[in-house]
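In my numbering, the protein residues as written are 405 to 827.
Reviewing the structure listed below.
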């Protein structure tokens, strides 16, 4: 009898949770249908967050904007759509693919008027295996556009450009090639100088100045500019808002310590395909000494041994010293000479690397911290100005240590401190 009652209670709780999710989804969908906001959805294998946040920043100069970035699951999208109000003029949402079928589900909720596709790479490799499969999934966003909608596509990427055949909506392209409607030219960024570029479009050439570090950010800047212009934002207003946009934390973000080196924090993710872009920032920088700390890589084909070997080769060409840390730190295939001279260091832990750099690094040094967010390499930079006491190898949090804010407390105290915050 007890087992039966327990099963009934479990089924009851499951039914209640399912009913709540269904009602929230239905309520948000009804709210979306009532909202008059222009819905703009951004997808792609990289540059989604920067494009989303930069475009939102530009549009805030024109009216009320609701923004969604880094959604963990469908519930985050449901909550953001539920927040739309009749006074909201623009809704800008970053959409990731996740598992197969996920995008088709959320597109019904977002109901995009504008779709921006940055480019197609090897993302979520275990789920999709090929770029073509990823393009098929992300192209569902473009397919969902109404005939009166707008698709903003990367002209330099063949799979992205091909999506224009999947919609009757108007298509505008951006890129570096001569056929792009909005063409990025004169791209320049050499630390400490931030990104500058010109965009040629419809007989005009518009110079753009940013606070962002790295030439590769031409892509989100050009995509956001093109979309803003097509939505009717005056050129001068777009220029001013782009120039005032602060870089996103953990995306090639310069971090100056009080008594030590300058760090470049690129600790959100480290997909293999775009790894060299971060290395280029270091290679081109004006600095007396350059160092790269590399953590865990993601989204690569082939064996880890080959990928980490190639990563060391490329990092070595950009920096005076390369430090590997994480589960694959032993896969560098560094020469014995590099090991003996300290050109390569295999870090036993993030704390060990932080201790080493705190002992060695000077004020004239530039250090790139690059890796997936599971290792929280940003603690190395924080250790220069703070007494970092949380050195947990795998804390399980998807947020940065800056957002967590508990890095000066041992990890085993975090749960209690969070509970006290909620009271």
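Cβ atoms here follow ideal geometry from the backbone N, Cα and C, with glycine treated the same way.
Thinking C-alpha only, which one of the options is nearest residue i?
| i | options | result |
| --- | --- | --- |
| residue 541 | 550, 469, 563 | 563 |
| residue 499 | 534, 507, 492 | 507 |
| residue 685 | 747, 709, 718, 748 | 718 |
| residue 561 | 552, 553, 583 | 583 |
| residue 443 | 478, 484, 451, 480 | 484 |
| residue 616 | 627, 578, 610, 596 | 596 |
| residue 654 | 641, 747, 802 | 802 |
| residue 586 | 569, 592, 571, 606 | 606 |
| residue 537 | 501, 716, 565, 547 | 501 |
| residue 708 | 731, 688, 792, 690 | 731 |
Any idea what DSSP makes of residue i, helix, strand or coil?
| i | result |
| --- | --- |
| residue 809 | coil |
| residue 670 | strand |
| residue 523 | coil |
| residue 770 | strand |
| residue 438 | With a pLDDT of 49 at residue 438, under the threshold of 50, the predicted position of this residue should be treated as unreliable, though the coordinate-derived value follows. Three-state result, residue 438: helix. |
| residue 632 | helix |
| residue 469 | strand |
| residue 533 | coil |
| residue 555 | strand |
| residue 680 | helix |
| residue 546 | helix |
| residue 497 | strand |
| residue 660 | strand |
| residue 831 | Any answer about residue 831 is impossible in this case: the structure gives the chain only from 405 up to 827. |
| residue 775 | coil |
Taking Cβ to Cβ, would you say residue i is nearer than 8 Å to residue j?
| i | j | result |
| --- | --- | --- |
| residue 613 | residue 594 | no |
| residue 545 | residue 511 | yes |
| residue 447 | residue 621 | no |
| residue 726 | residue 771 | no |
| residue 559 | residue 571 | no |
| residue 516 | residue 445 | yes |
| residue 573 | residue 495 | no |
| residue 765 | residue 665 | yes |
| residue 492 | residue 527 | no |
| residue 687 | residue 722 | yes |
| residue 813 | residue 799 | no |
What are the partner residues of residue i, as DSSP defines its beta bridges?
| i | result |
| --- | --- |
| residue 447 | 521 |
| residue 605 | 586, 608 |
| residue 675 | 702 |
| residue 614 | None; residue 614 has no bridge partner. |
| residue 577 | 557 |
| residue 750 | 728 |
| residue 693 | 769 |
Report yes or no: is there a C-beta of chain C within less than 8 Å of the C-beta of residue i?
| i | result |
| --- | --- |
| residue 508 | Protein chain content of the structure displayed is limited to a single chain, and chain C is not contained in it. |
Taking 7 Å as the cut-off, is the CB of residue i close to at least one heavy atom of the ligand GTP?
| i | result |
| --- | --- |
| residue 612 | Absent from the structure shown: the ligand GTP. Ligands present: none. |
Exercise for the section: Evaluate contact between the region 782-792 and the region 652-661, counting only Cβ atoms and requiring at least three cross-stretch pairs below 8 Å. Expected result: yes
Practice task
Inspect the CB distances between the region 674-682 and the region 692-706 and report whether three or more fall short of 8 Å.
Solution key: yes
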